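Just below is one structure, and these are the notes that go with it.
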Amino acid sequence: MFDKSIVTSLQQISGKEQVLTDKADLICYSYDATQKQYLPDVVVHPGSVEEISQVMKLANEKKIPVFPRGAGTGFTGGSVPTAGGIVLGLTRLDKILEIDEENLVATIEPGVVTEDFQKAVEKVDLFYPPDPASLKVSTMGGNVAECAGGPRCVKYGVTKDYIIGLEIVTPTGDIIKTGGPTMKGVVGYDLTKLICGSEGTLAVITKIIVKLLPKPEAKKTMLVLFDSIDGAAQAVSVIVKGKIIPTTLEFLDARTLDCIRQATDLDVPDAAQAVLLIEVDGEREFLDKQVARIAEIVQPLGIVEIRVAETPEESEALWEIRRSISASLRQINPDKFNEDICVPRSKVPDMIRKIERIADKYQIPIVNYGHAGDGNIHVNIMVDEKVPGDHEKAEKAVVEVFEGALELGGTMSGEHGVGIMKAPFLDMELSANVIDYMKTIKRALDPNNILNPGKIFPSD
Amino acid sequence: MAKLKKLEDYRDEIDQCVKCGGCRAYCPAFGAEKHEGRVARGKIALADSLLKGDVDLEEKFLLDMSQCLLCGSCYAQCPNKVHTEDIVAATRREIADRKGLSTFGKGVGTILKNQGVMNLLAKGGGAFSKLLFKKIPDQSGLRLRFPAPFIAADRTLPPLTAKPFRERCSEVIPGDADKPTVLFFTGCGLNFMYPESGEALLKALKFIGVTVIIPKDQVCCGLPAVSAGAAKTVESLAEENLTVFQKNKYDYIVTACASCHSGLTQIYPGMGEEFDEYRDKVKDIFVFLVEQGFAEKLDELPKHKDRIKVTYHDPCHLRNHGITKEPRAILKALPQVEFIEMEDAGTCCGLGGTYSVYHYDTSKKIGAKKAEFIAASGADLVATDCPGCIMQLQDSINHADEKQRVVHILDLVAVVLPE
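The listed protein sequences correspond, in order, to chains H and U.
Just so you know, we're using my numbering here: the first sequence kicks off at 1 and counts up by one.
Just so you know, we're using my numbering here: the second sequence kicks off at 1001 and counts up by one.
Encoded structure:
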């Protein structure tokens, strides 16, 4: 039973209006993009690291679960309060504290929205590359906790590659600093990297030190339409082999293109069975050459058409095809199982073929698109939950997709994390002693298992 | 009989929301308040819970449901195209059904007290002369927008006209035989607050020889009543207007108010098939003028030497229906205008039907942001196509201590046309 005195204590810590207990309020903090719903007992939005520390001390003492939350846009349930307790909303900590142009470093609070941060650094010609699809709303704290990726990661790497220091509150309520603003630092364990991608199970992130790059002068977008998925997949290899690393290398498979043809009036010729959306960035005069070179080396691979954007508007038009996917998919079936496996990039065609076999076996549509450049495939198993048997078929297909990815030396998740959605499958990828190693860390840091319990590890 | 949809009719629409949270980037109310209950995703979760019986009509529920401008900004950007504005309006009707219409207002009223926003009440009656207020029919949306005790003391309001627009003109103004005939649906804003804009419209249509019918018995479109959850009011207004539409002969119905346009093209067609044939007849005045080659005619006028810098605000109810180019085309063609595009021209002004009555503080916050963009544009005038927006934008600019004036595009058109 939830101890009502907790509410009073939280009100003393953060003020009455920052503590929510009405049913309508609890509903609003009960879900994320997994659409799974769990009601918390109370929601608190603290205004400072000291308040967060007090909340954690209180929760640890009373053994009440705490679920840190940013914008609630995750795909694996990282922020949903699976065991009731406290939702710890971090969106009030939303200040960009410093953008240090001399050292190319910024210090920010976790509630800063990713795109707001990117715009702020771009104003002074700096650049923060990670660009998860939810960047217009996702928070930087959430991005760090989940180690978010995005299309630009082919060239620039993922969130953890840019996080060099943190201030965190431990599950027992201590405020500690990890790493710092220097480009190098090898004193002690790299706790910063441990926290990145720990899905809110090891610490509450309260401050983030970010490494920045100079903003690329320009970018250029091209869309290459292939007559087969093999051509597109080979193109990825030959481009990389040709020593060109595009900023973005997105691919769309034949089924995805079908959906787009049905749902939109975008120009996708019937002959196109796969599409690569390619973007290069850097110095302006360099880009035309790169685009020409890419067009040249993909030429033998069954090209239907190559479109090159000459203006920002044309570039947007090319991106429109990629952006239209999400809504288009619903033409097939209303519900989707959305997985994000990652395989070595040379194995993308093998993986696609495996997925096609799985789709045929279970007679359900599986639509694939994603970040071909880093082998990260968004596998969308489209079902209608109202049709008896569809759900079970999809669950079986998911397991086979994971098996397929692992056979090719890949992973179950490139970006979304484990959360509650992949926890049941954790031992498919990680051996017992690896899981044990991780759990030992978790137990040591969170002896009462109060911080985001039930995530990553299947409940014992 | 005109009939609005019930909340349970939106079951499938509600299920279309995948909780991605993308709406958080676009919802003006969320932008100002940062509470999940303010944003489309939260409201859909709440409507879903209400249908499932998981939540009562508690104060917070009423507050969240009242905190929506019905601007459709979320819909415009939603990857699954979920009409949250319709779901919220249906939820408000559901609240009215279950608890009586006044409960919604009352619930909101108590919360206002709790939030210490009492300054919103009473005292502001001075903005309206009581005598003039009597001229507004009981069912007019203006009464819902300004229920007498709810007018904020510091809100700038246009004076109500002593002689409403429809009393100023004859019911039929003949034009050329080879030109189309239009029915001018004036709306309450133009009729009671901005009659000169109505006269400006007549001048423009006369210039191109269009015959205009201005039926005296037309009534409020009902959109503010949609916002208030007053289903019966909406339905009876729609019926009355339907009769007007049916008994006149014309080629198009033109509006010069984004809200009316939305009422006629978005709300009415869902209320019964007898409304269907009118959906395609309704045209925003600038869409009509552009189709009639009006922009080219304006372009022929010699450009003035010292032109006024004018920017354009997209009313939500036009932007959502894809009407963004035509008002700009007319503005750009005007000889006395130097058109400047402002940043985020398409974000909501913050009025939102009855929203600004109950949530004037949030409404002001949303308006303040808009006022910043207006000031940054360097324009002297803001032109738009909706009396509600005009009123709200002017109020926001005044609060920001800026000097720009807000006008209807028609006002700018009228001054360059021959008498």
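Where is the CB? At the ideal position from N, CA and C, for every residue including glycine.
On a predicted model such as this, the values are computed, not experimentally measured, just so you know.
Approximately 11 Å separates the beta-carbon atoms of U:C1074 and U:C1020; this is outside 8 Å, ruling out the contact. Around the beta-carbon of H:P65, 16 or more other beta-carbon atoms lie within 10 Å, marking it buried.
When the five nearest sequence neighbours on each side are left out, the beta carbons in the same chain lying within less than 6 Å of the beta carbon of H:E283 are those of E217, in order along the chain. Here U:E1085 is buried, its C-beta having at least 16 other C-beta atoms within 10 Å. Counted as a single uninterrupted DSSP element, the stretch harbouring H:N338 is not any alpha helix (DSSP H) but the beta strand (DSSP E) occupying residues 335-342.
Among the residues facing chain U, H:T73 is included, as its CB has a counterpart in that chain under 8 Å away. Against chain H, the CB of U:V1357 has no partner CB under 8 Å away; the residue lies outside that interface.
With respect to H:K4, H:I450 sits apart: the two C-beta atoms are not nearer than 8 Å.
Per DSSP, the unbroken alpha helix (DSSP H) holding H:D436 starts and ends at 432-445. In terms of Cα proximity to H:P214, the closest of H:L257, H:N103, H:G197, H:E167 is H:N103. In the DSSP assignment, U:P1327 falls within the unbroken alpha helix (DSSP H) covering 1325-1333. A distance of 8 Å or more separates the beta carbons of U:T1324 and U:D1284.
No Cβ of chain U is located within less than 8 Å of the beta carbon of H:Y38.
Interface criterion met: the Cβ of U:N1080 is under 8 Å from a Cβ in chain H.
Close to U:S1049, with beta-carbon spacing below 7 Å, are these residues of chain H in chain order: I27. Taking H:A120 as the centre and dropping the five residues before and after it, the same chain places the C-beta of I96 closer than 6 Å to its C-beta, in chain order.
Of all residues in the stretch 305-323 of chain H, none places a beta-carbon less than 7 Å from a beta-carbon of chain U. In the assembly as shown, U:M1342 is a buried residue. Its beta-carbon has 16 or more other beta-carbons within 10 Å. Taking 8 Å as the threshold, the shortest C-beta distance from U:F1061 to chain H falls below it. In the three-state reduction of the DSSP assignment, H:H416 falls in the coil class. Secondary structure note for U:Y1355: its alpha helix (DSSP H) is the uninterrupted segment 1355-1358. Pairing H:S14 with H:S138, the inter-Cα distance amounts to about 24 Å.
In the displayed model, H:E167 falls within a strand according to three-state DSSP.
The criterion of a C-beta distance shorter than 8 Å is not satisfied by U:C1023 and U:A1047.
Contact of U:V1182 with chain H is not assigned, every C-beta pair being separated by 8 Å or more. A contact between stretches requires three or more CB pairs, one per stretch, nearer than 8 Å, and the stretch 1370-1389 of chain U meets this requirement with the stretch 1291-1311 of chain U. Ranked by how close their Cα comes to the Cα of H:V49, the residues H:G70, H:I435, H:E109 have H:E109 in first place. For H:M382, the enclosing beta strand (DSSP E) begins and ends at 376-383.
Using beta-carbon distances, U:A1177 does not count as an interface residue toward chain H, since no partner is under 8 Å. Assignment of beta strand (DSSP E) within the stretch 107-177 of chain H, counting only whole runs of 3 or more residues, yields 163-169 in chain order.
Rounded to whole angstroms, H:C147 and H:E339 show a C-alpha spacing of 16 Å. With its beta carbon at least 8 Å from every one in chain U, H:S48 lies outside the interface.
Proximity of chain H to U:E1058 at the Cβ level (cut-off 7 Å) is accounted for by D22, K23, A24, in chain order. Counting every other CB atom within 10 Å of its CB across the protein chains shown gives U:Q1246 a total below 16, marking it as exposed. Of U:A1345, U:T1186, U:I1208, U:A1228, the smallest CA-CA separation from U:K1216 is found for U:T1186. The beta-bridge partner set that DSSP reports for H:E98 consists of H:T107.
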